[in-house]
Structures are given as structure tokens and as C-alpha cells.
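In the numbering used here, the protein residues as written are 794 to 1769.
Here's the structure we're looking at; comments come further down.
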Amino acid sequence: MPDLPLLLFSEPRGALLFFAAGIILAWLGYFSFTLFTSRPGANRNVYYPYLAYSVSIFLWILSNAYFQSPLLTYYSESTAVTMALFANLVSFCAFISAYSFSCRLISTQPDSNLSLYQKLFISIISLYALIINSSPGLTVKHVDIVAPGDFVIIFGPQTSWFFLCLMSAVFLTFHNFLIYKKAGSPLIQKKSQYMILGVIIFMLSTLIVHLIIPFMLDDFSLTWVPPALAIFETLLIGYALLFNRFYSPRYIISQFISHLVNVTLYLSPYLLIIAIGYEDNPLLIGLWIALIGLGWKSSLIQIKRGTNRLLYGKNGSPSENIQRVIGHFQYSTEYGLGKLNELLNTRSGQILNINTHSDLAALKIYFEGKHSVLVKDELEFQIQYETHTELSNISWLKKNMDANNSALVLPIVSKNGDISHLFMVSKKDRDGLFSSEEIDALQVLFEQANQYIRSEEQVRKSQVLAGSIAHEIRNPLSKIQYHFERIDADLFDVNNNSAHPFLSEQMKGLYKELTESKKAVQLGTRFIDIIIDEIKGNSINSQTFSSHSAGRLTEQALSEYGFVGNTYQARIIANTQNDFQFWGNETLFSFVMFNLVKNALHYFSQYPQSTLSIHLERGESENCIIVTDTGPGIADNVIPHIFDEFYTLGKSDGSGLGLAYCRRVINAFGGNIHCQSKYGSYTRFTLTFPIINEEHIPNNLFNELKEALTGKQVLVIGPKENTTLISSLLSGFNIIVSTVDNGKSAAKYIGNNNVDFAFYDLSLSPTQFEALKKIRSGDFGANAQKIPLIALSNENTRSTRFDTNVFQGEFRISDSLPLFAQSLKLLIDSGSLKPLGHLIGKRVLVVDDMQINRMLVQSYLAQEGITVLQAHNGSVALCIAEQERPDLILMDIHMPEMDGLEVTRILRQRGCNIPIIALSGECCNEVTKEISQYMNAHLMKPITRQQLIQKLQYWIPESEADKIISKQDIHIVHSI
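Right under this line is the structure:
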């Protein structure tokens, strides 16, 4: 007998089939090893038919390889007939094993068993196939042999029926897979897709090549194709059966094409070497091998990139996109998670520290057992279709994932191998299962992102600690503030920021110190709010912005700044004549001004002749505040860095954050800050602000003002040249305006007419002011005494301080209708247009878990004649609100057991329309949004008496305004 390997592999088609048989044999070994070692809970009744099917396919391929090899001509015709009958039998065994396997799959469904007709069908056609293929001449009569691969089989009378039985088994198998797919979970459906794809490939190739072509054309030249393609059916079904996690078809195709193209790329030079006859040249072969070693990996990466663009489009493959999310994690974990959820098509994903969540301890143990990932679909499959000794543990894991609404849990491992966090993500909104390439990409991503996650967590812990410290500082400051207020009320009994003229000089000095101390406490608490926002990483909240006078706030900041002695204060020159309005936040603006003043004052002692000047400029495109000091100046090489975070120079106590934050604030206001300096001469900071115009004014503002002010009677007191403008602007809101030019006429007019409020021009001589004092003291009757008086100022009277015992607010004249309307709205919102004394006898419920905070608010309200009810928690607040029906509720947001928002929601759901004002130390977007949804207004802690009374004046209704307030409250209830 000639050399057997030569006979087997001399013909390409035969060699291909023998190679295919070798692949099936290797797969059988791998499948069996995995099944019996790694899948102890697998249902053997399902797997055994597949093993029988795979063995049959292996033998069927070998039998067909015989006809494509020189063995066909080496042995006799009778041997070929025997091999043809053997091929029939083993192909039938493959078909019937596949059908039996599909029947077993269906029987694993709940309340399903292998039916009687299925058992009968298998038994009958198996017996029939065995009989007709064992009897000579019934299926194969003889074989006409010409050459290897060139033959004609003469079929017997039972061949058509035999092939009909085979195709029936194929169609029934296909039908069973469809049933299995429809009745199953997403994982079952995915498995079925692979199985159905394999059956379709095999069924179509067999139908065309083994039935249609031989019977119609007597052509047997392609009979080797279905056995070769049977590899795909065997591998696809086995892959679906053995694994519960799958690569997507596009990913598989992408990998196959990429590696095929790369192999072709490096094989081409070798084929060229052979073609030119230099295959024995060691230099060329060495260069070829070196080319492969140096370029294989990089070329494969480029080819994969191109293939992915072809298959996935310009966005690239999911696995590539997932791994690129590392750039987002460098920015922040939240940003990275958001992008990751978007790529995974999931609604929510979270990263949890496994050491701070006790309910995750069991998951940690599970992953420490070398498990790489948990997928809920896989657990559900194991629970339903496999029997495990650890089934109870698997069921618990599944329940844990259900409780966390997680479809996938992936451990995040630190560099030392410890599991530090878990990535838990909900199920996909579309596309069903997580693919293997996505899970692989997630593992690679979190190997890289772990350092960013841990670093950010450490920063967050420091932020929480710093935030807690800042919050705790508030408590002693609130106590200090309360005691200052008590001293002020008990010892001085004044509230207009000026001591009584009959006090001794010593008492006046003491009162001045008390006033400055109160300012310091207020400033400290305001800046604590800024610190807390920065610690939390909150962006500057533009929802707190409103229109402000740059001149007024500049003057206010200078008056509130804690100067060391009067000498420094005398070296500061402020010119606010060219005042303008800007859109921003009062506290943030104060911080900017304080920082610039502090930077200048730092060098006042070293440069005794230096001064600080602040002046305002109005322009056509922008407005400016220019702050100039004649101190040491800044070197040219330093100026580009002064707004960088953590950059400081020449200050041992500096953090390098002040100017950086100033730039953030002014940018948030819509402007910018620039520095110009000449070393040894001066430093000038220019703060630019956009000009406020109609686009900054809410669209419905004018309608709201007309609705609130139509028919109101207003008296404007001042020189005619000054009252003309304001009178015309007020008339535009359907206000009835009257004017007088002196205080005496004003007192007489108010005494004899129904006036809702009055404006008094501060440019009038001081003697005219005495008449207003008589109005306020009650000389012209009780009704006149209650009339709100508003100080009317202009550029010439900006430095004039008005008596808060006489005036309820200040109104600065502007010839711009939008700015005029905005200022008028601020007066209304502050309650300054409400009659004086309407708060007397009103009842306010103060809800706060801190007693000192309740005492402080009570001290403010008692001075207004308001009756104060107190509640130290949410439950007590609910009872008092429903039983006592107060006129207004001041509600703390953060309280133990039941917070203020929850109390408010319950009250609104029960139909309570009482105005509720939130008291909170936070102004982040989330809190502000919730407050605006359920509550009427928001006051930031710690509050001042003026802020509190203004809010109460606005929200506590007069008797005739009950309907208006009810209407506003009904709107709030409806929004819940």
C-alpha cells in the first residue's frame, strides 16, 4: 500500500475534508473537557445528543473525504458502495441526533417533556434508515468511479424516501429551534439565533448539493461542500450550547476579516519569494520573518480600525468606544459613567465602593473566587436549566442584582489585586444582552480608570470632611449672631445702623463694634456658602442671579470689609458716579471685591504712600469696574499666571485660588477680568460686564407688573425735573401717579387721599425730610403711617444714606424701561410695597431641628409683632400646620427622620395652601429645583432680619389679597 498520508492529502478537496474532520475532532475534545470539568450543573440529557451529532458529523466528513481522495481509485467499487452506505448512515445519525437535541432543548422549558410523537418519529425513521441502508441495492446500487472526486452514484429505489426523511428531520429541527427561541429569555433567543444560523447553512447546502444537483444533473462534483460546511453548524450550535456569553456577529466578522487580511498581507511577500525561486535564500526568509515580527501587531491594529469603520460606520465599534471613555473618567467619574451608560444603551450605571456597602460583601466573596463578571441573564439561565450544588447561592446573587436593578456587575480591581469597587449597570434599553466584546472592553477600561476613580473618591472624602467642618462652623456663628441680636435689641433697641444721638461716646463706640461684629458674622456665613459650593464641585448657579447696581454693591462691599483701623480705609477712593446694572449674585460680587481689596491692602504697610481707587465706567458694548492700586506692581512674566489655580507669589498665607475664582465668577456673570500692571508703579484690574438689555428680562415681567400694580395710587415727591421720568414710566404699568415737589405738600396729600405707596427723591433738602418723619410717627393718621415710603435715588444721591425707620426700600432711577421694570419687580418681591404693620398679629411656624436657629428667627419676628410657633422636627410640624393653620411656615430643609421637602410634599398633597419658605444652607441646582417645585420661596441660612421681614411682607397676605395668594398657592399644588 502506498504511503497513506500521500493518499489522504494529495487531493486538495480531500485534504480540506480531512482537515475539517480534524477541526471537529479537536472541538469534540474541547467541548467534552469543558462540559465535564467546568459545567458540573449542565443537563447531560441535552448535551449527549449534541455529542452524538458531532461524532456523526466527524464520521460523515471522513466518509466524504474518502470520495475526494486517491483512496477512491485505490480500492474497489464495492468498497466505494460500502463507504456510500456508511455515509448515509452516519449522516442520518447526525440529522436524527440534531433533531433529538432540539427536542431535548424544548423539553427543558417549564412544563415541557419529550412528547410521544417525537419519540415515535425518532424510533420509526431510525429503524427505517437502518434497514434500507443495510439491505443491498435499496439506497446505493453501485458507484461508477472515474478519478478521485469524479464519480457517479447509482441510487436505489428507497433513496428518495431516505433523503425525504433526512430533510424532514432538518425541518423539524429548525422548527424546534424557532419554538425554543420564542419561548425563552433574551439569552435563550441569542443561543437560538446561533443554532438556527448553523442549521440554515447546513440545510441549504445539503438541499442544493446532495439532492437537487445529483438528482437533476447527475453531478456529484460538489458533494464535498455540505460536509465541509457542517463545521459551521457544529461549531455554531456547540458554541451556543456551551457558552452563556457571546460575541456579536459583526465583531466576529470584523475579527475574521482583520486577521485574514493581515495574514494575506504578510503571506504575499513569501509567495513572491517562492515565485521568483528564492525560497532557499536565508537572507530573504530572515527579512520576511523580521517584517512579521516588527509589523504584525501595528498593521493588525490599523486593519481592525479600517474594518470596524467599514462594518460599524464612522463611530467605530462598541468595544473601541468603550475603551475611549477613559478620557471622560480622567475628567470625572460622573462624566465617564454618563458616557458609558450612553454607549451601553442603559438607563443607569453606578460605581459603588465595596467596603462602604455592607450588602455587597457576598458579591466581594463571589468575585474573590476568580469570577470576572456577573450577568443576570446568565444567572437566570443557570437557575432554570442547570442543577448546581451552589444553586441557592446563585439564586441569592440574582435576587441581589434584582434589588440593585443591575443586569451586569463587574469588579474593579486595584493594582495590588484587591477588589475596591463594583460597576453595576441596569439592563439595556435595546439590543438585549451585553456582548462579550463589550464586557472585555469594560474590564480593560476599568483596569485603567481604577486609579482615577480611587483618586476622585479620596478627593470626595476630603470634600465631605471639609464640608462638614464648614457646616459645623455655621452653628457657633449662628449662636454668635443670635447673641449679637439680643444685645442689640436689649441694650440699644435700634435697627437702622445708627446709634441713638443721646448715647455716651463709650456706648456709641460699643455699638459701632457690635455693628461691625454682626457684619463680620454675616460675611463669614456668606462665604461659608461659597466654600461649600466649591467643595461640592457645584458650578456657579445662575438661577440665583438678578439685576444689581454695581455702584451700590461696590459701596456696600467697602462698608462691610473689615479694615484694620481707619488709616487704610482713608487711602481707598471709590467713585461710583457712572453706575450701571449687571446680572449676577450679590454674595459672589462681594467676594470678588473683597479679594481685590485684600490683595491691594496686603502691601499697604510696605508702601505707605500707595492708594487704592475704584471707579465705574459705562460703555457702548460693555461696562467696567476698574480697581487700581499704586503698590509694587506685578512683573511681566508673572501676569499670565495670576489667574491660574494654586498660583501664588510673595504671600506665605495665600492659596492661589482667589483670583482664579474671581475669574470664574465674572465669567459666570457674562463678563471677564483682566490685569494690567507696571512693575514698581501700579496694578489695575478691569472687570467687564455685559450691558443688560431686554434679553435679560423675563418675557412675562411686564404683564406680571401690570397685573400687580394696575389701579394703584402712587405719590412721587421731588422736583419736577426729576419726577417727570419716573411718573411717565410708572404710568406705563397702569399706575395712577400724582406728584408734589416738597415734603409738606406730600404729608398733606397723603393725609387727605388714598395712597398705596410713595417715592421720595433724596435730592430734596433735609428740611423736607422732617415732614416724612411726621407721617411715619402717625401725626397724619394711622392710614398714612402705614404707607410704604421708597427712597428715590440717582447719580447725585448715591452716597446718601436713608433712614430705614422711615423708608422700606430704595429705588434707583433708570431711563431704560427693562431695567426700570426689573427694579420695580425687586421692590415687589422684597415686600417693600406692602403697608407697614400688616404683619402684626400674624402667626408664623418656624421648623428647624436647631434650637439656636429657631431662637434667632423668633427674635427677628417678635420685633414685628408676629406670633411664633415652633417645631423641632417634621412630624411635629405636620401636626401644628394642620391644627393651628399659621399664616406662613419657615421650613428647614435638612432635618433627621423627615426633611423639610418631605413635610412640604405631604402638606401639599393634603391640600394645604399655606405659603412655605425654605430655610437652607445650600443653593445647588438640585436643591433649588426641588424647592421651587414645592415651596413658595427660598432663604439662604443664616438669614438677616431684613431679608426675613421682606419675604414675610411679600408672602403673608393682607386681608384683601387672600384671593391672590390662594391663586398662587393653587398653582404650586397643581405643579406637584
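Here a beta-carbon is modelled for each residue, glycine too, at the ideal position from N, C-alpha and C.
- Task: Would you please state the rounded distance, in angstroms, between the beta carbons of Trp853 and Pro1020? I believe it to be under 8 Å.
- Result: Translated into positions along the sequence shown, residue 853 becomes position 60. Translated into positions along the sequence shown, residue 1020 becomes position 227. About 6 Å; that satisfies the 8 Å criterion.
Exercise. Which of helix, strand or coil does DSSP assign to Gln1402?
Worked result: Translated into positions along the sequence shown, residue 1402 becomes position 609. If DSSP states are grouped into helix, strand and coil, Gln1402 belongs with coil.
message = Quick check: the Cα distance between Pro1425 and Leu1394, rounded to an integer number of angstroms?
response = Locating residue 1425 in the sequence shown gives position 632, counting from the first residue. Locating residue 1394 in the sequence shown gives position 601, counting from the first residue. Rounded to the nearest angstrom, the two C-alpha atoms are 11 Å apart.
- Inter-stretch contact (C-beta, 8 Å, three-pair minimum) for the region 1491 to 1511 and the region 1461 to 1474: no
Exercise. Report all residues from its chain with a CB closer than 6 Å to the CB of Met1194; omit the five preceding and five following residues, and keep chain order.
Key: Here the question's residue 1194 lines up with position 401 in the sequence shown. Cβ neighbours of Met1194 beyond the five flanking positions: Lys1169.
Cα-Cα separation between Gln1402 and Gln1726, rounded to whole angstroms:
As a first step, residue 1402 must be located in the sequence shown, where it is residue number 609. As a first step, residue 1726 must be located in the sequence shown, where it is residue number 933. Those two C-alpha atoms are separated by around 55 Å.
Helix, strand or coil for Glu1675 per DSSP? Your numbering for residue 1675 matches position 882 in the sequence shown. Helix.
Checklist entry - For the 8 Å Cβ check, are there 3 or more pairs between the region 868 to 876 and the region 907 to 919? => result no
Check: From what residue to what residue does the beta strand (DSSP E) around Ser1342 run?
Finding: Translated into the one-based positions of the sequence shown, residue 1342 becomes position 549. Run containing Ser1342: Ser1339 to Ser1342, per the beta strand (DSSP E) assignment.
Problem - Beta-carbon proximity check, Trp1089 vs Asn1138, cutoff 8 Å - result: To locate residue 1089, count along the sequence shown from 1; it is residue 296. To locate residue 1138, count along the sequence shown from 1; it is residue 345. Cβ distance not < 8 Å, so Trp1089 and Asn1138 don't count as in contact.
_Quick test of your reading: Tyr1747 and Ser1623, contact by CB under 8 Å. State the CB separation rounded to the nearest angstrom._
Position 954 of the sequence shown, counted from the start, is the residue given in the question as residue 1747. Position 830 of the sequence shown, counted from the start, is the residue given in the question as residue 1623. Their Cβ separation, rounded to whole angstroms, is 7 Å, which keeps Tyr1747 and Ser1623 in contact under 8 Å.
Tell me the residue span of the alpha helix (DSSP H) that contains Lys1132.
Position 339 of the sequence shown, counted from the start, is the residue given in the question as residue 1132. Segment Thr1126 to Leu1137, the alpha helix (DSSP H) holding Lys1132.
Looking at the structure shown, is Gln1663 part of a helix, part of a strand, or coil, going by DSSP? Here residue 1663 corresponds to residue number 870 of the sequence shown, with the count starting at 1. If DSSP states are grouped into helix, strand and coil, Gln1663 belongs with the strands.
(request) Determine, using beta-carbon pairs with one atom in the region 1360 to 1370 and one in the region 1379 to 1398, whether at least three such pairs fall under 8 Å. (result) yes
What is the C-beta distance between Val848 and Leu821, in whole angstroms, given that I count them as a contact (C-beta under 8 Å)? Within the sequence shown, residue 848 is the residue found at index 55, counting from 1. Within the sequence shown, residue 821 is the residue found at index 28, counting from 1. Correct: roughly 7 Å between the Cβ atoms.
### 8 Å Cβ cutoff met for Ala1033 and Ile850
On the sequence shown, residue 1033 is found 240 positions in, with the first residue counted as 1. On the sequence shown, residue 850 is found 57 positions in, with the first residue counted as 1. Not in contact: Ala1033 and Ile850 (Cβ atoms no closer than 8 Å).
For the 8 Å Cβ check, are there 3 or more pairs between the region 935 to 948 and the region 976 to 986? no
Along the alpha helix (DSSP H) that carries Val883, what are the first and last residues, could you check?
One-based indexing of the sequence shown puts residue 883 at position 90. Looking at the DSSP string, the run of the alpha helix (DSSP H) that includes Val883 is Glu870 to Ser900.
With distance defined between alpha-carbon atoms, name the residue in Val992, Pro1433, Ile1246 and Tyr859 nearest to Gly1129.
For the purposes of this step, residue 1129 is taken as the residue at position 336 of the sequence shown. Nearest C-alpha to Gly1129: Ile1246.
Does the Cβ-Cβ distance between Val1420 and Phe1375 come in under 8 Å? Translated into positions along the sequence shown, residue 1420 becomes position 627. Translated into positions along the sequence shown, residue 1375 becomes position 582. Cβ atoms of Val1420 and Phe1375: not closer than 8 Å.
Residue nearest to Ser1228 in terms of C-alpha spacing, selected from His1121, Phe1036, Thr1404 and Arg1605: For this step, residue 1228 is matched to residue 435 along the sequence shown. Among His1121, Phe1036, Thr1404 and Arg1605, the Cα nearest to that of Ser1228 belongs to Phe1036.
Measuring straight from C-alpha to C-alpha, what distance separates Ile1078 and Leu809?
Mapped onto the sequence shown, residue 1078 falls at position 285. Mapped onto the sequence shown, residue 809 falls at position 16. Taking the straight line joining both Cα atoms gives about 27 Å.
message: Counting C-beta neighbours from all protein chains within 10 Å, is the total for Lys738 16 or more, i.e. buried, or is it exposed?
response: The chain is shown from 794 up to 1769; residue 738 falls before or after that span and cannot be answered.
Self-check item: C-alpha distance - Gly1377 paired with His1341, whole-angstrom precision
Solution: To locate residue 1377, count along the sequence shown from 1; it is residue 584. To locate residue 1341, count along the sequence shown from 1; it is residue 548. Using only the alpha carbons, I get a separation of about 7 Å.
**Asked** For Pro1581, does the count of other Cβ atoms within 10 angstroms reach 16, so buried, or fall short, so exposed?
**Response** Translated into positions along the sequence shown, residue 1581 becomes position 788. Result: buried.
Legend entry - Assigned exposure category for Pro1204 - 16 Cβ within 10 Å defines buried: Residue 1204 sits at position 411 when you count from the first residue of the sequence shown. So Pro1204 ends up on the buried side.
By the 10 Å Cβ neighbour count, where 16 or more other Cβ atoms means buried, how is Ala1428 classified, buried or exposed? For the purposes of this step, residue 1428 is taken as residue 635 along the sequence shown, with counting starting at 1. By the 10 Å Cβ count, Ala1428 comes out exposed.
*asked:* With a threshold of 7 Å on Cβ separation, who are the neighbours of Tyr1040 within its own chain once the five nearest residues in sequence on each side are excluded?
replied: Working through the sequence shown from its first residue, we reach residue 1040 at position 247. Excluding positions up to five away in sequence, the list reads Ser1228, Ser1229 and Glu1230.
Which of helix, strand or coil DSSP assigns to Gln1349: Numbered from 1 along the sequence shown, position 556 holds the residue referred to as residue 1349. Helix at Gln1349.
Practice item. Please classify Ile1707: is it buried, with 16 or more other beta-carbons within 10 angstroms of its beta-carbon, or exposed? Key: As a working mapping, residue 1707 is identified with position 914 in the sequence shown. The residue in question, Ile1707, is buried, as its Cβ has 16 or more Cβ neighbours within 10 Å.
**Asked** What span of residues does the alpha helix (DSSP H) with His1052 cover, start to end?
**Response** Position 259 of the sequence shown, counted from the first residue, corresponds to residue 1052. That run of the alpha helix (DSSP H) goes Pro1042 to Ala1068.
- Task: Could you check the C-alpha separation between Ile1749 and Gly1536 for me, to the nearest Å?
- Result: What you label residue 1749 is simply residue 956 of the sequence shown in a count that begins at 1. What you label residue 1536 is simply residue 743 of the sequence shown in a count that begins at 1. Their Cα atoms are separated by approximately 31 Å.
What number of angstroms, rounded off, separates the C-alpha of Ile924 from the C-alpha of His935? Looking up residue 924 in the sequence shown gives position 131. Looking up residue 935 in the sequence shown gives position 142. Taking the straight line from one Cα to the other gives about 18 Å.
Closest to Asp1152 by C-alpha separation, out of Ser919, Lys1192, Gln1241 and Thr966, would be which residue?
In the sequence shown, residue 1152 corresponds to position 359, counting from 1. Checked all of Ser919, Lys1192, Gln1241 and Thr966; the closest Cα to Asp1152 is Lys1192.
- Message: Suppose the cutoff is 7 Å on Cβ atoms and the five residues either side in sequence are ignored; what does the same chain contact list for Leu1104 look like?
- Response: As a working mapping, residue 1104 is identified with position 311 in the sequence shown. If we look at Leu1104 and ignore the five residues flanking it on each side, its Cβ neighbours are Arg1043, Ile1046 and Ser1047.
Does the Cβ of Ile1510 have 16 or more other Cβ atoms within 10 Å, making it buried, or fewer, making it exposed? Looking up residue 1510 in the sequence shown gives position 717. Classification of Ile1510: buried, given that the 10 Å Cβ count is 16 or more.
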